[in-house]
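These notes are about the structure you will find just below.
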Amino acid sequence: MSSVFKVGLAGVALAAIAGCAGTGGSQYVDRPAYLVDSNGQASKALGYDVCVRASDWTPARGLVGCGDATAPAAKAPVAPPPKPAAKPAAKPEAKPAAKPKKPDPLNITEKIELQNIPFDKAELTDDNKKELKDFLADLRKANKQRTAVTFGAVVVTGHTDRLGSIPYNMKLSEKRAVVAKDHLVSAEQVDPKLIFWEGKGPKQPIPVTKFCDNKMNRKQLIECLGPNRRVTVEVVGTADPQPKPAAKPEAKPAAKPKP
């Protein structure tokens with residue numbers, strides 16, 4: 505290459521550098537990656553928005569103002585942390601199902617008449633004792649309507665026929681009541697605290713005995729008045745009603761076989 509041409513290129517380069525210094529649009533750098541002016545700022549080529557690079561320029565050292573570097577990517581806005589999800593409203597606690605109301609207990613009053621006690625005697629007959637035993641056993645077991653009866657009180661009343669004086673018959677009726685009471689305690693295990701007894705004498709005759717005529721001979725009259733010579737045992741207590749059995753579902757008729 506001729507010396508004249510080399511001088512020309514040098515002049516162009518100096519002119520370019522002078523042009524860069526005169527633009528005033530330079531960027532200050534703290535490293536020699538570009539040619540700098542007296543103010544220490546990168547010099548731009550005249551007529552171009554690019555800076556004159558130094559020999560040790562690398563892309564990593566480029567500047568944004570010189571068009572040689574990419575501006576750092578704007579940081580994506582950091583999303584605020586999500587708000588904690590609102591707790592669902594607590595469901596009201598389910599109330600326990602109401603227990604079925606227990607039916608009211610049944611009030612029980614049962615009575616038996618132990619008749620035909622021997623004339624002028626206080627002892628119960630064997631038939632009287634068996635009748636009393638069966639009567640109490642029936643109360644003590646359950647049936648379709650109720651459970652076993654819980655005894656609340658047992659009232660024992662002695663009676664006589666009309667033969668004899670009133671004072672005598674009153675004492676005799678009391679003896680009959682006491683004998684029956686003792687039998688209830690010893691033979692039937694009834695709590696003595698539940699037993700109340702009294703004597704009525706001839707004051708409460710059995711209605712049918714009104715036909716017993718005093719004109720009968722004595723033996724016939726005594727026999728006719730036999731129902732009045734008795735002890736009444738009345739039991740008062742309670743029992744629970746038996747639950748009604750569940751209704752059975754109606755059986756569906758069997759399907760007819762297909763022809």
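Each residue of the sequence shown is one higher than the one before, starting from 505 at the first, in my numbering.
Using N, Cα and C, we set each Cβ at its ideal position, and we do this for glycine too.
Please read these numbers as outputs of a predicted model, since none were measured by experiment.
Measuring only the C-alpha atoms, how far is residue i from residue j?
i    : j    : result
Q708 : A755 : 57 Å
E692 : P753 : 44 Å
D638 : E678 : 24 Å
I710 : D608 : 35 Å
P596 : A590 : 17 Å
I726 : A626 : 15 Å
V689 : E702 : 16 Å
G730 : R722 : 12 Å
L698 : A594 : 57 Å
On a CA-only basis, which of the options is nearest residue i? Give me that one, please.
i    : options                : result
S669 : P607, P706, K615       : P706
F655 : D624, P711, D744, W561 : D744
L676 : P622, D541, K723, V658 : P622
A665 : P604, K748, A583, D624 : Checking the displayed sequence, the identity of residue 665 turns out to be Asp instead of Ala. Cα-wise, what sits closest to D665 is D624.
V712 : A583, W701, C728       : C728
V739 : R650, R733, K748, R644 : R644
L610 : A589, A626, V653, A583 : V653
K606 : A758, P757, V689, P747 : P747
A537 : K548, S547, R565       : R565
R734 : P671, D631, P749       : D631
T661 : N721, D686, D695, A641 : D686
A641 : A602, V694, D541, A750 : V694
Q619 : H663, A601, K587       : H663
A646 : K760, T742, K548, P757 : T742
C716 : I612, F700, L667       : L667
Would you list the residues sitting across from residue i in a DSSP beta bridge?
i    : result
K548 : C555
P745 : R650
W701 : V660
T736 : E617, T661
F655 : G741
L610 : A743
Considering residue i, what are the terminal residues of the alpha helix (DSSP H) in which it resides?
i    : result
I710 : Looking at the DSSP string, I710 is not in any alpha helix (DSSP H), and its letter there is neither H nor E.
P671 : 670-692
L725 : 722-728
Requested in this report: Return the chain-ordered ranges of every alpha helix (DSSP H) run that is complete within the region 612-644 and spans a minimum of 4 residues.
Outcome: If one requires a minimum length of 4 residues, the alpha helix (DSSP H) runs lying completely within the region 612-644 are 630-644, in chain order.
Requested in this report: Output the residue ranges of the alpha helix (DSSP H) runs that lie fully inside the region 579-603 and measure 4 residues or longer, sorted by chain position.
Outcome: Correct list: empty.
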